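> With mature numbering (1 follows the signal peptide of the UniProt record, and there is no 0) applied, the sequence shown covers -31 to -1, 1 to 535.
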Amino acid sequence: MWLSNPQSRILCRVRAIVLLLACQTWTVASAACAPKPLSTKIRNVTLSNRLQSRGIALAVGTPEQEFAFLPQWPLNNTLIYGTNGFCMPPAPNTQNGCTVWRGGQYDQLASDTRKRPTIGAYPDDNAPYPSMNFISDTLKLTTNVSLDDFPMGIARSDWGQEGYHPMMAVGLGSNSTLLNTLKAAGKIASRSWSMFYGLTGADANAQLDGSFILGGYDRAKVKGGGYTERLSTNPNCRSQILVTITDISLNFPNGTDASLFPKGLSSSIPACLVPDYPALMKMPRKPCFDNFERLTNVTLSKRSWGVAYSSMLYCKGDEPYRGDLTFTLQSGLSIRIPNDQLVVPELTIDCDTGALHRNSSAQNLVILPPQDDNENDISQLGRQFLSSAYVMANLDAGEFTIWESNPTSNEDLVAIDTNGTEVSDFCAATTPDPASGETSPDSASSEGSVEQKDGSKSMTPVIIAGIAVSGFVFLAGVGAALFCLLRHWKRRRRRERAAAVDSSPSPPPEYSKKPDNTRHEKQEREMAPSKVNSRVMGPSRGKPSNAGTCELGVEKWETTKYYIRS
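Right, here's the structure in full:
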């Protein structure tokens, strides 16, 4: 039987296993890519009335109607406002003012792609959200990625959120329609999102567009190591991003610091990060805000009803605080809010024109101490916190990460998979977009292919390296098979020669007359090796062996054939 020697069998099996593992390693390595995250800006969006509102810039319908969105929780659907924005006090009572307050007004009759959504295309959103009239239309996320027939809900009434959550909203709840659709279409690696709100200070030096990323995060906008924690199940934290603050300190211009926490006491504050909340922080009045007033020698009682809704205003004659504010989290991460994001001119919507108006004579401290009836509410961290911090949440992995932000217009996208693992190699998009029917170059990887000036695509070093590795694996398999055959052939030849020597007859005695050789010839024919067996088992004329296959008697060890798709 071929390869009957146990050592040869073991050696051949080991080489087959090594070859199989090598092929599998290459297959896994070649598949370690992910869709490129989708990046949108948080900026001043020009609306249909030519006025501006700050938010995530997305477009709906055909022709496109651009709106300013903000994320919301536990909302699952995408909430938009129609031509009736249902603006109630304290919202502006004019058409233009209402449009800016809502982040736009969707005109469904002006869209050629508006349809009725299919049954079961969207989940239910219960209270506190308003009743909605659902339509489906094209939602444009980036220059090259759109979702056709995407279900959205048009609010049928105001829902009592005043200026806390007044705008069009992207639902990022646990059953988010947007995240589910993008993940199912292969547009993102995981149901993850990340956000840097940007800078909203008084002048150009203190202003910067923010970013909102789906399927990963922007590595250029973070500093140092991140703080990762499990998403919370606390029902009082709708975003599920619950942190523990162990200190809040004032950083005075003269270099001294002072804590807002009580002296000599070990205490902490649980706080829910809500990225669309209109203030830096909903801060407990006792003891934190009371200590702020005492340490800065001011008493604040007037509130703003503008964009930083219900936060505090300095009155005429008050000396605004000139220092920074630092939050220390339980993880040890420190987030320092510079003064130009902490104390800003009050931003309101002009009642007559609807335009955003900065009032330099009214200085706005973007901290919101709760009023008496809400004193026991959980603390919240809002938009301005994300001027100095960067947050990412992964619904699939059930975790979130917070970094110190690096305010910059540079971008370095990193995909995050469902396990929370970073993936920097992006898969090339070579098939039509299942969500929009278009190929999406925006999600293609610069690692996968390079488009030349003539429009053709050449292989990058990643693909070339992959081909080289696969060629090496193939040659290694051929070499292993040939080694097995050669080793067996040599051992078999040695056994045949030894058997021939041991069984050959003694020389016949010499006689005076010619002996009768008939009997000896018959014996020699019977003792000679079988020619039939030589043809069947011999390595030179036997059944050829497939490369990478070792036949062990009636057993076969076959390596899997892998194909590299370029």
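Note that CB positions come from ideal geometry on N, CA and C, so glycine has one too.
Note that the coordinates shown come from a computational prediction; the quantities given were computed from them, not determined experimentally.
For aspartate 245, count neighbouring Cβ atoms within 10 angstroms of its own Cβ and tell me buried if that reaches 16, exposed if not.
Counting Cβ neighbours within 10 Å, aspartate 245 comes out buried, since at least 16 surround it.
> Please identify the residue among Arg19, Glu315, Trp274 and Thr297 whose C-alpha is closest to the C-alpha of proline 289.
Selected option, being the one with the closest Cα: Glu315.
> Need the endpoints of the beta strand (DSSP E) that glutamine 21 sits in, please.
That run of the beta strand (DSSP E) goes 21 to 29.
> Could you tell me the alpha carbon to alpha carbon distance between glycine 140 and threonine 225, rounded to whole angstroms?
The straight-line gap from Cα to Cα measures roughly 42 Å.
> Who are asparagine 363's beta bridge partners in DSSP?
Its beta-bridge partners are Ser161 and Glu368.
> With a threshold of 6 Å on Cβ separation, who are the neighbours of methionine 57 within its own chain once the five nearest residues in sequence on each side are excluded?
Counting only Cβ-Cβ distances below 6 Å, and skipping sequence neighbours, we find Asp127.
> Work out the CA separation of serine 270 and threonine 377 for me, nearest whole Å.
Each residue's Cα considered, the two are about 36 Å apart.
> Identify the continuous beta strand (DSSP E) that holds glutamate 315 and give its terminal residues.
It spans 312 to 318 - the beta strand (DSSP E) in which glutamate 315 sits, taken as one unbroken run.
> Classify alanine 96 as buried or exposed, calling it buried when 16 or more other Cβ atoms lie within 10 Å of its own Cβ.
By the 10 Å Cβ count, alanine 96 comes out exposed.
> Judging by CA-CA distance, which residue of Val14, Asn46 and Thr297 is the nearest neighbour of tyrosine 98?
Comparing Cα positions, the closest option is Asn46.
> Can you look up aspartate 341 in the DSSP assignment and give me helix, strand or coil?
Aspartate 341 falls in the helix class under three-state DSSP.
> Secondary structure at cysteine 206, three-state DSSP: helix, strand or coil?
If DSSP states are grouped into helix, strand and coil, cysteine 206 belongs with coil.
> Name, in chain order, the residues that DSSP records as bridge partners for threonine 47.
Beta-bridge pairing links threonine 47 to Val139.
> Of the residues Tyr283, Ile371, Gly367 and Asp342, which one's Cα is nearest the Cα of leucine 350?
Leucine 350 has its Cα closest to that of Ile371, out of Tyr283, Ile371, Gly367 and Asp342.
> Please give the ranges of any beta strand (DSSP E) in the segment 211 to 258, keeping only runs that are unbroken, at least 3 residues long and fully inside the region.
Those beta strand (DSSP E) runs which fall completely within the segment 211 to 258 and span 3+ residues are 211 to 220, 226 to 228 and 238 to 242.
> Rounded to whole angstroms, how far is the Cβ of glycine 66 from the Cβ of leucine 16, which I believe are closer than 8 Å?
Not a contact, Cβ separation roughly 12 Å.
> Classify glycine 167: buried if its beta carbon has 16 or more other beta carbons within 10 angstroms, exposed otherwise.
With 16 or more Cβ atoms within 10 Å of its Cβ, glycine 167 is classed as buried.
> Can you confirm whether the segment 315 to 333 touches the segment 291 to 301 when touching is taken to mean that 3 or more C-beta pairs between the two stretches lie within less than 8 Å?
The answer is no - the segment 315 to 333 does not touch the segment 291 to 301, with fewer than three Cβ pairs under 8 Å.
> Nearest-angstrom Cα distance between methionine 252 and leucine 337?
The alpha-carbon atoms of methionine 252 and leucine 337 are separated by roughly 6 Å.
> Determine the closest residue to tyrosine 196 out of Thr297, Lys84 and Asn343, with distance taken between C-alpha atoms.
For the residues Thr297, Lys84 and Asn343, the minimum Cα distance to tyrosine 196 belongs to Thr297.
> Would you tell me roughly how many angstroms separate the C-alpha atoms of alanine 384 and arginine 199, rounded to the nearest one?
Roughly 19 Å between the two C-alpha positions.
> Quick one: Cα of aspartate 423 to Cα of phenylalanine 165, how far?
Unreliable positioning characterises aspartate 423 in this predicted model, as indicated by a pLDDT of 36, which lies under 50. The coordinate reading is nonetheless provided below. Approximately 37 Å, taken between the alpha carbons.
> From methionine 250 to asparagine 266, what does the alpha carbon distance come to, in whole angstroms?
Going from the Cα of methionine 250 to the Cα of asparagine 266 covers about 20 Å.
> Check whether the Cβ atoms of threonine 213 and threonine 111 lie closer than 8 Å to each other.
Contact: no.
> Per DSSP, what kind of secondary structure is serine 145 in: helix, strand or coil?
Coil, per DSSP.
> Taking the alpha-carbon positions, what's the glycine 193 to glutamate 373 distance?
Whole-angstrom Cα-Cα distance: 7 Å.
> Can you check DSSP and say which residues form a bridge with serine 180?
According to DSSP, serine 180 bridges with Lys10 and Phe165.
> Judging by CA-CA distance, which residue of Lys109, Pro231, Asn113 and Met121 is the nearest neighbour of threonine 87?
Comparing Cα positions, the closest option is Met121.
> Can you tell me the Cβ-Cβ gap for isoleucine 49 and alanine 37, rounded? I've got them flagged as a contact below 8 Å.
Between alanine 37 and isoleucine 49 the Cβ distance is about 11 Å, and since that is not below 8 Å, they are no contact.
> Alpha carbon to alpha carbon, how far is glycine 51 from glutamine 34? Give it in angstroms, no decimals.
The straight-line gap from Cα to Cα measures roughly 12 Å.
> How is the alpha helix (DSSP H) around arginine 71 delimited, first residue to last?
Start and end: 64 to 71.
> For a test of the three-state rule: what should DSSP assign to residue 545, helix, strand or coil?
This structure leaves residue 545 out entirely; the chain is present only between -31 and 535.
> What first and last residue would you give for the beta strand (DSSP E) that runs through phenylalanine 354?
Segment 354 to 357 is the alpha helix (DSSP H) holding phenylalanine 354; no beta strand (DSSP E) there.
> Grouping DSSP H, G and I as helix and E and B as strand, with all else coil, what is glycine 185?
Three-state DSSP puts glycine 185 in a strand.
> Between which residues of its own chain and glutamine 21 is the CB-CB distance below 7 Å, once the five residues before and five after are set aside?
So the qualifying residues of the chain are Asn13, Val14, Thr15 and Leu325.
> Alpha carbon to alpha carbon, what distance is there between isoleucine 123 and methionine 101?
Looking at the two C-alpha atoms, the distance is approximately 5 Å.
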